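Be aware that the sequence shown starts at 19, since it is given in my numbering, and climbs by one per residue.
Here a beta-carbon is modelled for each residue, glycine too, at the ideal position from N, C-alpha and C.
Treat the numbers as computed from the prediction; the structure is a model and nothing was measured.
First the structure, in the form of structure tokens, and then the observations on it.
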Amino acid sequence: MSFKSELTIDVIDTHTEGEPTRIMFWNNIPRNLKDALSVRKYFIEHYDYIRKTLLLEPRGHKDQFGAILLPPVNTESDYTIIFPTTESYLDMCGHATIGVSMALVALGYVPFEGNEKTIIYDTVAGTVKARVKIENGEPVSVSIIDVKSYFVKQIDIDINGKPVKVNLSYGGNFYAIVNSDDLGVDVEPENIDKLLAYGKVIRAKSYEILKEIYPDNKKNFYPLAMITDSKHDYRAIVTFSVNSYDRSPCGTGTAARAALLVHEGKLALDGQYVNESIIRTKFSCKIISSETVNGNIVIVPEITGRAWVTQLCKIVVDPSDPLKHGFLVQ
Numbered sequence: 019m020s021f022k023s024e025l026t027i028d029v030i031d032t033h034t035e036g037e038p039t040r041i042m043f044w045n046n047i048p049r050n051l052k053d054a055l056s057v058r059k060y061f062i063e064h065y066d067y068i069r070k071t072l073l074l075e076p077r078g079h080k081d082q083f084g085a086i087l088l089p090p091v092n093t094e095s096d097y098t099i100i101f102p103t104t105e106s107y108l109d110m111c112g113h114a115t116i117g118v119s120m121a122l123v124a125l126g127y128v129p130f131e132g133n134e135k136t137i138i139y140d141t142v143a144g145t146v147k148a149r150v151k152i153e154n155g156e157p158v159s160v161s162i163i164d165v166k167s168y169f170v171k172q173i174d175i176d177i178n179g180k181p182v183k184v185n186l187s188y189g190g191n192f193y194a195i196v197n198s199d200d201l202g203v204d205v206e207p208e209n210i211d212k213l214l215a216y217g218k219v220i221r222a223k224s225y226e227i228l229k230e231i232y233p234d235n236k237k238n239f240y241p242l243a244m245i246t247d248s249k250h251d252y253r254a255i256v257t258f259s260v261n262s263y264d265r266s267p268c269g270t271g272t273a274a275r276a277a278l279l280v281h282e283g284k285l286a287l288d289g290q291y292v293n294e295s296i297i298r299t300k301f302s303c304k305i306i307s308s309e310t311v312n313g314n315i316v317i318v319p320e321i322t323g324r325a326w327v328t329q330l331c332k333i334v335v336d337p338s339d340p341l342k343h344g345f346l347v348q
């Protein structure tokens, strides 16, 4: 049997509290790029087919998520990291950063001594530090110090002829946060189709408002939707991309929700809370610093969660394969 391959990529698969991350290293970029946004732009222009190859069917699925590790742009950082989805890229991703950090320690990519290892990443949203907790030589959890997070604005959007309140908040990505009571649906697995449908409308209508608020923004401000469950204080679901949803509690969503809770007076500036996903997995969040900017409270949150390596594999691309760079049915 003969076998041909025009491209071979080693990948590490992890899950963070249920949400997958497909991780790869990529060094083939210029070293003079000034920031992570420039790195991502270069990668998209030259290698976006790799995103499709890794994440789309037949090797992936519509809910697959990625993390690409590249050389750092800042001297004090260990890596630049970009976050591809099946549709585009996010500026920052908490669950993926936790998964990457666990994998780097568990598989020996970074040396460590003692009970903690700090890894610093350049992301489009800013510098993110990950502290990996180690017990008996094994990583057991990761705490990431996210970028500055803040409440943006409360708006009303029309859903099925009814005004629905949406809180726009930022935690590394923009979020449009809606209470499930206003939609008449609980955050439960059996309601996933309804939740995804609402999420799609919430994202699209909130995006139009964000374009007006940030007309000169060069980063990604198409929001993710977070639907919080009124029956459970800190349960929520985050939807994004092509009707995908986060199985984890969502790291940047947890940060954005913390900023909203502070704005509403429901979380103290030295407070903490636990965010729960639709499958009941959890992230803990505590505020490690805050400041007031133009009358708005800006926080720096620390998100803690767990991840596990699930697969080590080699992706191959046969030049004769008509679907070699993947496909997406939506």
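Tell me whether residue i sits in a helix, a strand or coil according to DSSP, three-state version.
i: ASP66; result: helix
i: SER161; result: strand
i: TYR216; result: helix
i: GLY323; result: strand
i: ALA85; result: strand
i: PRO207; result: helix
i: MET19; result: Reliability fails at MET19, whose pLDDT of 49 lies under 50, so the model's placement of it is uncertain and no value is given.
i: ASP53; result: coil
i: MET110; result: coil
i: LYS223; result: helix
i: LEU73; result: helix
i: PHE239; result: coil
i: HIS343; result: coil
i: VAL118; result: helix
i: GLN348; result: coil
i: ALA273; result: helix
i: THR328; result: strand
i: VAL91; result: coil
i: VAL260; result: coil
i: LYS171; result: strand
i: GLU131; result: coil
Going by beta-carbon coordinates alone, are residue i and residue j separated by less than 7 Å?
i: TYR252; j: TYR291; result: yes
i: ALA194; j: ILE220; result: yes
i: GLY185; j: LEU279; result: The amino acid at residue 185 is misidentified as Gly; the sequence shows Asn. No, they are not a contact pair.
i: ASN133; j: ILE152; result: yes
i: MET244; j: GLY271; result: yes
i: PRO340; j: SER167; result: no
i: ARG58; j: ILE100; result: yes
i: VAL260; j: GLN348; result: yes
i: ALA325; j: THR98; result: no
i: ILE321; j: CYS303; result: yes
i: THR32; j: GLY112; result: no
i: PHE239; j: PHE192; result: yes
i: ASP109; j: LYS237; result: yes
i: ILE86; j: LEU330; result: no
i: ALA143; j: GLY78; result: no
i: PRO346; j: LEU74; result: With the sequence shown as reference, residue 346 is identified as Leu, and Pro is not the correct amino acid for it. Closer than 7 Å, so yes.
So who's on the other strand from residue i, going by DSSP bridges?
i: ARG149; result: THR136, SER161
i: ASN314; result: VAL311
i: THR26; result: VAL334
i: THR299; result: DSSP output for THR299 lists no bridge partner at all.
i: GLU294; result: ARG253, LYS300
i: PRO181; result: ASP176
i: TYR60; result: Answer is none; TYR60 lacks a bridge partner.
i: ARG40; result: ASP31, GLY84
i: THR103; result: PHE83
i: ASN197; result: THR246
i: SER187; result: PHE169, TYR193
i: GLY144; result: THR141
Out of the options, point me to the one whose CA is closest to residue i's CA.
i: MET120; options: ARG40, LYS249, VAL203; result: ARG40
i: ASN46; options: TYR67, LEU88, HIS113, ASN238; result: LEU88
i: PHE83; options: HIS64, SER106, LEU278, TYR67; result: SER106
i: ILE137; options: ILE297, SER95, ALA124; result: SER95
i: VAL3; options: THR141, LEU287, ALA124, PRO340; result: Only positions 19 to 348 of the chain appear in the structure, and residue 3 is not among them; the question remains open.
i: VAL123; options: ILE100, ASN154, CYS111, PRO102; result: ASN154
i: LYS180; options: ASP200, ILE321, GLY189; result: ASP200
i: PHE21; options: PHE345, GLY344, PRO337; result: PRO337
i: ARG149; options: PRO157, GLU156, TYR139, SER161; result: SER161
i: GLY313; options: LEU330, VAL170, PRO207; result: VAL170
i: TYR232; options: TYR65, TYR188, HIS250, PRO48; result: TYR188
i: ASP176; options: PRO157, VAL196, VAL158; result: VAL196
i: PRO207; options: THR299, GLY323, THR328; result: THR299
i: LYS249; options: PRO241, GLU282, SER198; result: SER198
i: VAL311; options: HIS281, PRO241, TYR127, SER262; result: HIS281
i: ALA286; options: SER295, PHE301, ALA274, SER308; result: SER308
Pull up the CB-CB distance for residue i and residue j, whole angstroms please, since I reckon it's below 8 Å.
i: ASN293; j: PRO267; result: 4 Å
i: THR115; j: LYS80; result: Incorrect: roughly 22 Å between the Cβ atoms, too far for contact.
i: THR26; j: LYS332; result: 6 Å
i: GLY289; j: ILE305; result: 6 Å
i: THR257; j: LEU214; result: 6 Å
i: VAL335; j: THR145; result: Between THR145 and VAL335 the Cβ distance is about 34 Å, and since that is not below 8 Å, they are no contact.
i: ILE297; j: ARG265; result: 6 Å
i: ASP174; j: VAL182; result: 7 Å
i: GLY36; j: SER295; result: 7 Å
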